[in-house]
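J.: Below is the structure I would like to discuss, written out as structure tokens.
Numbering (my numbering), first residue to last: 17 to 359.
Printed below as a string of structure tokens:
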């Protein structure tokens with residue numbers, strides 16, 4: 017102003033407007049207008065994932081990031097997996113999932129989470145490393161029945177030999193989609209199981225799997241065929257179905273409500289007669305009581321499971337069970353008798 021200039025302070029924009037001889041200049045006050053990046057970067061408070069052991073092909077890696085809301089989140093495994101987007105499932109909570117593909121091998125990899133808001137970004141490393149097994153690792157070298165062969169048994173033993181020692185409790189067979197826990201031999205590499213039911217004629221698919229001592233999954237898939245002659249010659253599958261009880265024996269003590277399980281031909285009617293008997297003079301004279309009859313039809317594998325309710329009977333009563341298989345003409349073809357004691 018001392019030099020004849022018109023000086024005006026513009027507080028809203030923190031600038032000074034100077035007018036001289038009809039012209040004007042604007043000078044900014046930048047001393048307090050510089051952005052502090054660290055103060056406005058989106059904050060990440062937590063980054064966790066579900067991998068507590070070795071991941072195998074087909075497994076899902078799930079990552080959760082907690083931080084500032086309304087931002088863009090992603091995660092990556094350095095040197096192996098590029099950024100995977102994450103969805104904000106609730107304010108400030110982001111989740112992402114990655115299906116592990118084959119031929120990916122990561123040993124103690126670093127998982128990093130990213131959070132972006134505008135042009136600013138924050139990153140955080142997960143506490144636990146990521147290890148992914150390569151599917152090209154050696155798998156099962158020997159299986160039985162041999163792949164593609166035709167067998168003459170309706171209950172063939174399934175066997176597999178792994179190339180390495182297997183982790184305890186990790187071995188499993190899948191036969192036509194049904195899971196079986198096999199026995200493990202003393203060598204720590206051989207597993208075997210025998211189906212508890214008769215296999216129908218035709219092709220059957222098997223998958224055996226186990227983890228080695230490092231947590232890597234070893235697996236093998238194959239198939240074999242049960243011959244029609246094996247099915248026809250099996251005593252459980254002929255025109256005169258036989259029956260057996262698999263969960264009870266003579267003298268078994270049972271509760272008031274118990275189950276009778278057994279095996280016969282597929283889709284066969286099974287009749288059960290339960291007759292109570294009380295001893296008037298133990299070992300000499302008995303008194304026959306009421307007979308209860310029930311029936312069922314076995315499933316596609318010939319198995320049956322029937323519940324018996326004897327709550328109306330006195331405790332310590334002897335129950336005579338008569339289990340019969342019945343053919344399509346209504347004729348009894350086989351009968352099993354056994355006695356159980358009602359508690």
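Backbone N, C-alpha and C define an ideal beta-carbon position, used for all residues, glycine too.
Just so we're clear, the structure is a prediction, and the values are computed from it rather than from any experiment.
For residue 245, name the three-state secondary structure that DSSP assigns.
T.: Indexing the chain shown from 1 puts residue 245 at position 229. Looking at residue 245 - three-state DSSP - the assignment turns out to be helix.
J.: Flag this pair as touching only if the segment 286 to 293 and the segment 328 to 347 have three or more C-beta atom pairs under 8 Å; answer yes or no.
T.: Contact between the segment 286 to 293 and the segment 328 to 347 is present, because at least three Cβ pairs lie under 8 Å.
J.: Using only the alpha-carbon positions, how far apart do residue 222 and residue 99 sit?
T.: Counting from 1 along the chain shown, the entry for residue 222 is found at position 206. Counting from 1 along the chain shown, the entry for residue 99 is found at position 83. So the alpha carbons of these two residues sit roughly 37 Å apart.
J.: Excluding the five sequence neighbours on either side, which residues of its own chain have a C-beta within less than 6 Å of the C-beta of residue 69, listed in chain order?
T.: Taking the first residue of the chain shown as position 1, residue 69 is located at position 53. Cβ within range, chain order: 231.
J.: Taking residue 109 as part of the beta strand (DSSP E), name the residues at either end of that continuous run.
T.: Along the chain shown, read from residue 1 onward, the residue named residue 109 stands at position 93. Note, residue 109: beta strand (DSSP E), 109 to 115.
J.: Mind listing, in chain order, the continuous alpha helix (DSSP H) runs of no fewer than 4 residues lying wholly within the segment 182 to 214?
T.: Taking only runs of at least 4 residues, no alpha helix (DSSP H) segment lies wholly in the segment 182 to 214.
J.: Inspect the CB distances between the segment 75 to 93 and the segment 101 to 113 and report whether three or more fall short of 8 Å.
T.: Yes, since at least three Cβ pairs between the segment 75 to 93 and the segment 101 to 113 fall closer than 8 Å, the two stretches touch.
J.: Taking 8 Å as the threshold (C-beta atoms), are residue 127 and residue 146 in contact?
T.: Reading the chain shown from its first residue, position 130 is the one you call residue 146. Reading the chain shown from its first residue, position 111 is the one you call residue 127. Yes; because the gap between Cβ atoms is below 8 Å, this pair is in contact.
J.: For residue 357, I'd like the list of residues in its chain whose CB is within less than 8 Å of its CB, leaving aside the five on either flank, ordered along the chain.
T.: In the chain shown, the residue the question calls residue 357 occupies position 341. Hits under 8 Å: 267, 268, 269, 270, 332, 333, 334 and 335.
J.: Could you check what DSSP says for residue 322 in three-state terms: helix, strand or coil?
T.: As a working mapping, residue 322 is identified with position 306 in the chain shown. It is a strand residue.
J.: Under 6 Å Cβ to Cβ from residue 190, same chain only, skipping five residues before and after it: list those, please.
T.: The residue labelled residue 190 in the question sits at position 174 within the chain shown. Counting only Cβ-Cβ distances below 6 Å, and skipping sequence neighbours, we find 223.
J.: Taking 8 Å as the threshold, find out whether the segment 343 to 353 comes into contact with the segment 311 to 322 through three or more Cβ pairs.
T.: The segment 343 to 353 vs the segment 311 to 322: no contact.
J.: Identify which residue in 204, 219, 187 and 313 has its Cα closest to the Cα of residue 197.
T.: Here the question's residue 197 lines up with position 181 in the chain shown. Per the Cα distances, 187.
J.: Count Cβ pairs between the segment 80 to 87 and the segment 133 to 144 that sit closer than 8 Å; are there 3 or more?
T.: At 8 Å Cβ cutoff, the stretches touch.
J.: CB residue 205 to CB residue 177, shorter than 8 Å?
T.: Locating residue 205 in the chain shown gives position 189, where the first residue counts as 1. Locating residue 177 in the chain shown gives position 161, where the first residue counts as 1. Yes; because the gap between Cβ atoms is below 8 Å, this pair is in contact.
J.: Quick one: residues in its chain with C-beta nearer than 7 Å to the C-beta of residue 238, no 5 flanking neighbours on either side, listed in chain order?
T.: The residue labelled residue 238 in the question sits at position 222 within the chain shown. The answer, listed in chain order, is 159, 163 and 222.
J.: Closest by CA to residue 259, which one among 275, 272 and 285?
T.: Counted from its first residue, the chain shown places residue 259 at position 243. Comparing Cα-Cα distances from residue 259 to each of 275, 272 and 285, the minimum goes to 285.
J.: Take residue 56 and list the residues in its own chain whose beta-carbon comes closer than 7 Å to its own, dropping the five residues that flank it on each side.
T.: Against the chain shown, residue 56 aligns to sequence position 40. Hits under 7 Å: 136.
J.: Tell me whether residue 199 is buried or exposed, calling it buried when 16 or more other Cβ atoms sit within 10 Å of its Cβ.
T.: As a working note, residue 199 is residue 183 in the chain shown. Label assigned to residue 199: exposed.
J.: Kindly indicate which residue of 149, 156, 344 and 73 has the alpha-carbon position closest to the one of residue 182.
T.: One-based indexing of the chain shown puts residue 182 at position 166. Closest by alpha carbon: 156.
J.: Grab me the residues of residue 166's own chain with a C-beta within less than 6 Å of its C-beta, minus the 5 sequence neighbours each way, in chain order.
T.: On the chain shown, residue 166 is found 150 positions in, with the first residue counted as 1. Around residue 166: 241 and 243.
J.: Considering only the alpha carbon of each residue, which of 359, 346, 344 and 312 lies closest to residue 330?
T.: The residue given as residue 330 occupies position 314 in the chain shown. Of the listed residues, the one whose Cα sits closest to residue 330 is 359.
J.: With a cut-off of 8 Å on the beta carbons, I'd call residue 314 and residue 280 a contact; round off their distance for me.
T.: Taking the first residue of the chain shown as position 1, residue 314 is located at position 298. Taking the first residue of the chain shown as position 1, residue 280 is located at position 264. With a Cβ gap of about 5 Å, residue 314 and residue 280 count as contacting.
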